[in-house]
Amino acid sequence: MRMWERADPAFIIGAGDTMILGRLKIGTRLSIGLATITLFMVLVILFGILGMRDVDEQMKHLIISHHKIWNANVIRDSLHNADKSLLPVILSQDERTRAFENVKIITARATYADAIEELMKLESTARGRDLLTRLQHALVAFKKDSENAIEMAMNSNPEQAVFLYLNSIRPPTLSLYQLCAELATYEKEESDTYSREAITTYRKTRYFFVLIGGIAVIIAVLGAVLLTRSIVTPLEQGVSFANKLSEGDFSAEIEIKQHDETGHLLRAMKNMAERLKKTKSLEQQLFQSQKLENVGRLAGGVAHDFNNLLTVIRGYSELALLGMAEGDPVRGSLEEVLKASERAGNLTRQLLAFSRRQVMEMKIIDLKCLMKDLEKMLRRLIGEDIDLRLVLAPDLGRVKADPGQIEQVIVNLAVNARDAMPSGGVLTIEAANVELDEGCSCQHVDAKPGEYVLLCVSDTGTGMGPEVRERIFEPFFTTKEKGKGTGLGLSMAYGIVKQSNGHIWVYSEANKGTTFKIYLPLAKEPAELAAHKKEATTIPGGRETILLVEDESSVRHLAARVLRDQGYTIHEASDGTEALHFMQGNGGENIDLLLTDVIMPKLNGKELSEHLKNINPKLRVLFTSGYTDDVIAHHGVLEDGTDFIQKPYTSAALTTKVREVLSE
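Using my numbering, read the sequence shown as starting at 749 and increasing by one per residue.
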C-alpha cells in the first residue's frame, strides 16, 4: 500500500482553446496563412485572366464587325464610283474622257474586289456569309454587264449600250446598294451586340475582382486575428500565471491545450510552478519544524531547570513529613505542596515529551494487541454518544517504541476528537502497513522513504482552518475554553512520535473533521513481553559508598541527606572536575556507586563516568537529569547498560533506584 497526499488547486487558470490552431506549431501556422493568402491571390489572377480573355474575345469580334462595316461601305462607295463613271464611258465621244472614266471604273472594281476579299477572310455568321455570297455574285454580274456595255460603246453601238445599262446594269446596281446597306446594318447590329457583351463582361469581371478581393481581405483579417489570438492569448494567460507566481500565489494552476511553442513554454512554466510550490511547501514545513524544534529546546531547558527546583521542593517536603506528627496542622499544607509538585512534575514531563528530551523505554510492540487492550478504556473515555470504529489490518506489523508513550499519544488524540464532537459523531482508528515512496518524501521535509505502520485517527468533528492547523503542535496552544485544556496534549504526541523516529501529519478543514496520520517505522524483530515492575513498599537502605556529583547545590544537598538517612556514605562534588580530582587523590577503589547529573559544565556525566571507570573498573554508575540529550541517550533512547533516574524524583524513587543499581 502506497500513500501520499496531494493538495487540490484552489483555482485553475484556463490557457488556450480547442481550435486546431493550438495543435500546430507557430511556423506551420504562419506558413498556412501565407499559403492561403497566396492561393487567393493566384485565384484572383486566374479569374482575372479568364475575365480578360472574355473581354478580349468580345473586343476582337467588335473590331471585326467594325472592319466589316468599313469594307461594306468601301464596296458601296466603289460601286457608286464605278456606276458613276460607266455612263460617261458609254456616252462620251472624247477618247480622253472615256479613257479617264474607264480608269476610274477599273480602280473602283479593284477596290471593291479587295474589300470583298477582305470580307471573305473575316469570320462571319451564316447570315453574314449569305449576304457576302449574294454581294459577290451581284458584283461579278455587275462587272460582266458593265464590260459588255463598254464594249458595245467602243464598237459604235451606244444606243444598245445605253439600253443595256438602263435595263441590265442600273437596276442591279441599286440592288447592290441595298445589299451593301443591309450588310453594313447587319454588321452594325453585330458590333452593337459585341459592344454590349464586352461592357457586360467587363462589369462582371470588375465586380468579381471586388468580390474576390473583399473575400480575400476578410479571410486575411480573420486569419490574422485567429493566428494572433492563438499565439497572444496563451502568452497573456502565461503572463497572468507568472504574475501570480511572482506574488507568491502558488495555488494557481494552468491548463494547457497547445502543442506548439507556446504550449512548450507554458508547460515549462507549469513545471517550474510545481517545483516552486513543492519548494515553498517544504520551506513552510522546514520553518514549522525548526520553529517547533526551537520551542522544544526552550521548553526542554525550562523543564530541566524546573525539575531541579521540583526535586528540591518535593524532597524537602517529604523529609519534613517524615518527622512530623500525624495531627500536626502544618502536615496538610505540606501534603498540598507535594500534590502541587506532582502536578508540576506532570507538566514538565509533557514539556519534555514535546521537546524530545524524556527517556523512553523502547520495545518491540505489537500495535494490534496494544490497540485491543486500549479499546475498552477508549470507549469509556469518549462516551456513548461517539461511535468508536477500530479497523486493524490482519497483517499489521510491529513497531519499536515506548508502549506507555504510544498509548498516551492515542489517548490524547482520542480526547481531542471527543472534544471536537460535542454532539456525538464517529471516531475511527485505523492501522495498516504502508510504504512511503520518493513522491511522498518530496512533499514532506521530514519524511524518509521506507516501510511504516500507519496509525490513522479520524473524527467527524468541527475540524480546523489553516491558521489553527499550522499551530496545532505548539505547546500551550489550544482552542478550548480557559480551564478545559493545557494545550500540551498534541505537543506531547508530536514529541513522542518524533522521538520514536516517526512522523505525524494532520489533515483538516473547517466543518469537515480531522485526520491525524502517524507513521512509525516497521520493526522486523518479534514483540517483547511486557514486564510489570512491582511498586516498592519500603524504602531500602545500605552501607555502600556513593560519590554524588551535582552542579545544583540544593539538589545535591537533598540527595545526600536522603541517602545518608538510609545508611549510605556520601561524598559530594559540585562538578565533574572536582569529582575526578577526588577520585585521583583519595583512591577510587572504595567508591561503589557514581550518582551523577548528566548535564554539567566542564565535564559532563558521560565523560566523568568513563574517566572514573578507568580508575575503578567495578564502579557502578547511575545518571540523573531534568532532561536528556545525546550524551547518554540518542534521541531519548538510553544506551544498553545505562541506568537513569528522571528528575524530579521522590526520596523513595531515588533510594529504590540506588539500591537496584548496587544490587545488580
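C-beta atoms are modelled at their ideal positions from N, C-alpha and C, and glycine is treated no differently. The structure displayed is predicted, hence computed values, not measured ones.
Provide the residue(s) that pair with Val1416 in DSSP beta bridges, ordered along the chain. Absent from the model: residue 1416. The displayed extent of the chain is 749 to 1412, so no value can be given.
Through-space distance from Asn1338 to Lys1120, alpha-carbon basis: 51 Å
Have a look at Val851, Ser826, Glu866 and Asp825 and flag the residue whose alpha-carbon is nearest the alpha-carbon of Pro836. Val851
Could you tell me whether the Cβ atoms of Tyr1267 and Leu1184 are closer together than 8 Å? yes
Please classify Met868 as buried or exposed, where buried requires at least 16 other C-beta atoms within 10 Å of its C-beta. exposed
Proximity of Leu839 and Ile917 at Cβ, strictly below 8 Å: no
Just to confirm, are Leu1360 and Leu1367 a CB contact at a threshold of 8 Å? yes
Own chain residues within Cβ distance below 6 Å of Lys1405, not counting five before or after: Ile1393
Strand pairing of Glu1199, partner residues [DSSP]: Glu1183
Which of the three DSSP states, helix, strand or coil, is assigned to Ser872? coil
Can you check which of these residues, Tyr913, Gly1315, Leu1238 and Glu907, is closest to Glu895 by C-alpha distance? Tyr913
Arg875 versus Ile823 - alpha carbon distance: 18 Å
In angstroms, rounded to a whole number, what distance separates the CA positions of Gly1152 and Leu1203? 16 Å
Starting from Gln1153 and walking both ways along the alpha helix (DSSP H), at which residues does that stretch end? Pro1151 to Asp1167
Can the beta-carbon of Leu1058 be found closer than 8 Å to that of Ala1068? no
Report the rounded CA-to-CA distance for Val969 versus Leu983, giving the unit in angstroms. 21 Å
What residue range does the alpha helix (DSSP H) around Glu709 cover? The requested residue 709 does not occur in the structure, where the chain is confined to residues 749 to 1412.
Would you report the Cα separation of Thr1226 and Asn1249, rounded to the nearest angstrom? 26 Å
Any chance the stretch 1340–1347 sits against the stretch 1292–1303, with 3 or more Cβ pairs inside 8 Å? yes
So who's on the other strand from His1251, going by DSSP bridges? Tyr1267
Spatial neighbours of Ala886 in its chain, beta-carbon cut-off 8 Å, leaving aside the 5 residues before and after: Pro920, Ser923, Leu924 and Leu927
Can you tell me where the beta strand (DSSP E) with Phe1392 in it begins and where it stops? Phe1392 to Gln1394
Is Val851 helix, strand or coil when you go by DSSP? helix
Buried or exposed: which applies to Leu787, given that a residue is buried once 16 or more other Cβ atoms fall within 10 Å of its Cβ? exposed
Threshold first: 4 residues or longer. Then list the alpha helix (DSSP H) segments lying entirely within the stretch 945–982, N to C. none
Keeping to the same chain, check which residues put their C-beta closer than 7 Å to that of Asp1345; ignore five residues upstream and five downstream. Val1297, Glu1298, Asp1299, Gly1353, Thr1372 and Ser1373
Starting from Val1310, trace the alpha helix (DSSP H) both ways and give me its first and last residue. Ser1301 to Asp1313
CA-to-CA distance, Ser943 to Gly961, given in whole angstroms: 27 Å
Using the beta-carbon count (16 or more within 10 Å), is Arg1023 buried or exposed? exposed
Using the Cα positions of His1280 and Asn1164, report the straight-line distance between them to the nearest angstrom. For His1280, the predicted structure reports a pLDDT of 44, less than 50, and the residue's modelled location is therefore unreliable. The matter cannot be settled from this model.
In DSSP terms, what Val888 is bridged to: BP columns for Val888 are empty, so no partner.
Through-space distance from Arg1166 to Met1240, alpha-carbon basis: 18 Å
Using the Cβ count rule (16 or more neighbours within 10 Å means buried), how would you classify His1329? exposed
On a Cα-Cα basis, can you pick out the residue from Leu1144, Met902 and Val973 that is closest to Arg846? Met902
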